[in-house]
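*Asks:* This structure is in structure tokens; I'll ask about it shortly.
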């Protein structure tokens, strides 16, 4: 699998950096990409990584991609309408 993203971090029309890491390793089998507020994305991808580690410790197997996706969707759904900037 190949993942490609741009590397710019911007705020409106202002580009703050050309070298921003937008692909984050959740675990050795899952990658996350960012679109939206860098702070929101980094925070929630770290929370997801932690939850995936907890899942593996409890269940003695890694979480599936679809389960990790559903887990993230459920976590951020509680914050709908509160200004999260993620897509």
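Numbering (our numbering), first residue to last: 47 to 133.
Beta carbons: idealized from backbone N, C-alpha and C, even for Gly.
Fair warning: this is a prediction, and the values are worked out from it, not measured in the lab.
1. Count the other CB atoms, across all protein chains shown, that sit within 10 Å of the CB of residue 91; report buried if there are 16 or more and exposed otherwise.
2. At the level of alpha carbons, what is the spacing between residue 116 and residue 99?
3. When we look at the beta-carbon of residue 119 and count the other beta-carbons within 10 Å, is it buried (16 or more) or exposed?
4. Under 8 Å between the Cβ atoms of residue 88 and residue 77?
5. So is residue 114 buried or exposed if we call it buried at 16+ other beta carbons inside 10 Å?
6. With DSSP as the reference, label residue 47 as helix, strand or coil.
7. What's the C-alpha gap between residue 75 and residue 95?
8. Please say whether residue 93 and residue 121 have beta carbons closer to each other than 8 Å?
*Replies:* According to the structure shown:
1. buried
2. 16 Å
3. exposed
4. no
5. buried
6. coil
7. 11 Å
8. yes
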